[in-house]
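Remarks on the structure that follows.
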Ligand code: TYD
Ligand code: MG
């Protein structure tokens, strides 16, 4: 007899017995019974089963790569790796209200206008609501087919009959399959619906986009189970208070991951941001202690962002370390290196680090810029104006050259920066017409820039 399993709606952990609290993530009342995926009687051993022989092929192919379709929204096409791949499955995740429906309605209209037959299925809004939004966005004339439906069986039947090339499902959490007993939005439902939709779409050569809401701890609710079923996972991020939104590829079977597209939420929907560096630096005031401009690479593009640090004596026994937009563990490492290798203590000091504009950075190349921001805040002295900083710091305090140095410098120069602080070495010594200050290790950097040690 097949065992009943249970899974947690919050983290997706699977257990064999029900309990009120998930042992994996600690959430209460999130464990639900899983529906069994196959209803047939379990065989004792698959080795005895008489299956069909699967046809095997070699790796050579006569088929030419199927052409991608570009939406014409350049920021979206780049994140997709150069347009939409036929019969691919995408997941677009993001916080509620961040603009997923707006983005996908615009994308649907753009693809439909390129001649791709497109169906937009909304499980959250009535057709009239979607039409009103389309009108506001100036998309009413786009040949998109609308449906307001949550019943998966009916949706699949419609897709089968209509034979579209692209289907957008907004959102996967609202879909329900009558083969699964639990409520819409539960892990079992989300998993079953995502599985049905993606496998159906692959068989029929339809591209499918699933919209997924993200839970408070940043996972797509229902959760990781969907990520591995799809070819591409995009996250739509941004801060409520800010107008800009970042579409980030976290997984892409058809293109580079980590590519970003930058948009601005306007009264008429999402507008492309052609020059993200200018946008991220637009709120920067006069050079101030703790503020440093980092020349980073996001995917295939250089992007300048401002790092802000604040270092202040703490009233607490345990000083605070708070980071927004960067890795907290990496901050701890840099503080430790500054302390151990350069003799600059941060004990008794609160440290705050913020990446301006709601951007998230994961590159180690930002190490030196972070160290510079921390030192500048601690010493209360601003860095020379119009300077960008980049470089990786190793645990020994040595600085490592980083990739794409030329591109980083060019972007900085384009935005009016005249000098750069960077590790020495690296392949090309070209400075793109900028004044370069090269440093070998962190101690040297501290001495050169802050005249301290
Ligand atoms: P929406 O796409 O509904 O978010 P999601 O699908 O991720 O939940 O976006 C909702 C927000 O976007 C809402 O707060 C209003 C804002 N918005 C604009 O500012 N301009 C627009 O043209 C549209 C359509 C929405
Ligand atoms: Mg929505």
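Numbering (the working numbering), first residue to last: 3 to 455. For glycine and all other residues, C-beta sits at the position ideal for the given N, C-alpha and C.
### Message
Along the chain, where does the alpha helix (DSSP H) containing residue 163 start, and where does it finish?
### Response
The sequence position of residue 163 within the chain shown is 161, counting from 1. Residue 163 -> alpha helix (DSSP H) spans 154 to 164.
### Task
Report the three-state DSSP secondary structure of residue 438 (helix, strand or coil).
Your numbering for residue 438 matches position 436 in the chain shown. DSSP places residue 438 in strand when its eight states are reduced to three.
### Separation of residue 453 from residue 388, as counted between CA atoms
The residue labelled residue 388 in the question sits at position 386 within the chain shown. The residue labelled residue 453 in the question sits at position 451 within the chain shown. Cα to Cα, the separation comes out at about 19 Å.
### Query
Residue range of the beta strand (DSSP E) that residue 425 falls in?
Translated into positions along the chain shown, residue 425 becomes position 423. Segment 421 to 425, the beta strand (DSSP E) holding residue 425.
### Task
Starting from residue 253, trace the alpha helix (DSSP H) both ways and give me its first and last residue.
For the purposes of this step, residue 253 is identified with residue 251 of the chain shown, where counting begins at 1. Element bounds for residue 253: not the alpha helix (DSSP H) but the beta strand (DSSP E), 246 to 254.
### Task
Output the boundary residues of the alpha helix (DSSP H) element that contains residue 361.
Mapped onto the chain shown, residue 361 falls at position 359. It is not in any alpha helix (DSSP H) - residue 361 carries neither H nor E in the DSSP assignment.
### Task
Would you identify the three-state DSSP class for residue 331, choosing helix, strand or coil?
In the chain shown, counting from the first residue as 1, residue 331 sits at position 329. In this structure, residue 331 counts as helix in the three-state DSSP scheme.
### Query
What are the start and end residues of each continuous beta strand (DSSP E) run of 3 or more residues lying completely inside the segment 56 to 123, in chain order?
91 to 96
### Message
Here's a check: name, in chain order, each residue in its chain whose Cβ is nearer than 8 Å to the Cβ of residue 275, leaving out the five neighbours to either side.
### Response
Numbered from its first residue, the chain shown carries residue 275 at position 273. 77, 246, 264, 265, 266 and 281, listed in sequence order.
### Message
Considering only their Cβ atoms, is the gap separating residue 211 from residue 1 smaller than 9 Å?
### Response
No information on residue 1 is available, as it lies outside the stretch 3 to 455 that the chain covers here.
### Message
Excluding the 5 residues flanking residue 41 on each side, which residues of the same chain have their C-beta closer than 6 Å to its C-beta?
### Response
Locating residue 41 in the chain shown gives position 39, where the first residue counts as 1. With a pLDDT of 47 at residue 41, under the threshold of 50, the predicted position of this residue should be treated as unreliable, though the coordinate-derived value follows. Closer than 6 Å at the Cβ level, and outside the excluded window around residue 41, lies no residue.
### Query
When the distance is taken between beta carbons, is residue 413 closer than 9 Å to residue 307?
For the purposes of this step, residue 307 is taken as the residue at position 305 of the chain shown. For the purposes of this step, residue 413 is taken as the residue at position 411 of the chain shown. Their beta carbons are not under 9 Å apart, which means residue 307 does not touch residue 413 by this criterion.
#### Entry: Test item, CB below 6 Å from any non-hydrogen atom of the ligand MG
102, 103, 126 and 172
### Message
Following a CB-centred definition, is residue 135 positioned closer than 8 Å to any heavy atom of the ligand TYD?
### Response
If you number the chain shown from 1, residue 135 lands on position 133. The answer is yes for residue 135.
### Message
Would residue 358 and residue 299 be called neighbours here (beta carbons separated by less than 9 Å)?
### Response
The residue labelled residue 358 in the question sits at position 356 within the chain shown. The residue labelled residue 299 in the question sits at position 297 within the chain shown. Their beta carbons are not under 9 Å apart, which means residue 358 does not touch residue 299 by this criterion.
### Task
Examine the ligand TYD and report whether any of its heavy atoms sits within less than 8 Å of the Cβ of residue 100.
Within the chain shown, the letter at position 98 stands for residue 100. Result yes, Cβ under 8 Å from the ligand TYD.
### Query
Residues bridged to residue 352 by DSSP?
Looking up residue 352 in the chain shown gives position 350. Answer is 314.
### Separation of residue 229 from residue 24, as counted between CA atoms
Locating residue 24 in the chain shown gives position 22, counting from the first residue. Locating residue 229 in the chain shown gives position 227, counting from the first residue. Answer to the nearest angstrom: the Cα atoms are 21 Å apart.
### Message
Among the candidates 347, 323 and 331, whose CA atom is the shortest distance from the CA of residue 355?
### Response
Within the chain shown, numbered from 1, the residue matching residue 355 stands at position 353. Among 347, 323 and 331, the Cα nearest to that of residue 355 is on 323.
### Query
Span of the beta strand (DSSP E) holding residue 197?
Here the question's residue 197 lines up with position 195 in the chain shown. Looking at the DSSP string, residue 197 is not in any beta strand (DSSP E); the run it does join, the alpha helix (DSSP H), is 189 to 206.
#### Entry: Same chain, Cβ closer than 7 Å to residue 126, neighbours up to 5 away in sequence not counted
In the chain shown, the residue the question calls residue 126 occupies position 124. Excluding residues within five positions, the ones whose Cβ falls inside 7 Å are 172, 173 and 176.
#### Entry: As assigned by DSSP and simplified to three states, the class of residue 445
Within the chain shown, numbered from 1, the residue matching residue 445 stands at position 443. Helix at residue 445.
### Query
residue 489 to residue 7, Cα distance in whole Å?
Residue 489 lies beyond the range of the chain shown here (3 to 455); nothing can be said about it.
### Task
For residue 261, count neighbouring C-beta atoms within 10 Å of its own C-beta (all shown protein chains included) and say buried if the count is 16 or more, exposed if not.
As a first step, residue 261 must be located in the chain shown, where it is residue number 259. Classification of residue 261: buried, given that the 10 Å Cβ count is 16 or more.
### Message
Below 8 Å, how does it come out for the segment 104 to 118 and the segment 74 to 88: are there three or more Cβ pairs, yes or no?
### Response
yes
### Query
Can the beta-carbon of residue 83 be found closer than 9 Å to that of residue 251?
To locate residue 83, count along the chain shown from 1; it is residue 81. To locate residue 251, count along the chain shown from 1; it is residue 249. Taking 9 Å as the Cβ cut-off, residue 83 and residue 251 qualify as a contacting pair.
### Query
Excluding sequence positions up to five away, which residues of its chain have a Cβ less than 8 Å from the Cβ of residue 425?
Mapped onto the chain shown, residue 425 falls at position 423. Hits under 8 Å: 370, 393, 394, 401, 402, 403, 404, 440, 441 and 442.
### Task
Closer than 7 Å by C-beta to residue 142: which residues in its own chain qualify, once you throw out the five before and the five after it? Chain order, please.
Numbered from its first residue, the chain shown carries residue 142 at position 140. Correct list, in chain order: 136.
### Task
Please state whether DSSP places residue 17 in a helix, a strand or coil.
By 1-based counting over the chain shown, the position of residue 17 is 15. Reduced to three states, the DSSP call for residue 17 is strand.
#### Entry: Separation of residue 427 from residue 120, as counted between CA atoms
Residue 120 sits at position 118 when you count from the first residue of the chain shown. Residue 427 sits at position 425 when you count from the first residue of the chain shown. The straight-line gap from Cα to Cα measures roughly 51 Å.
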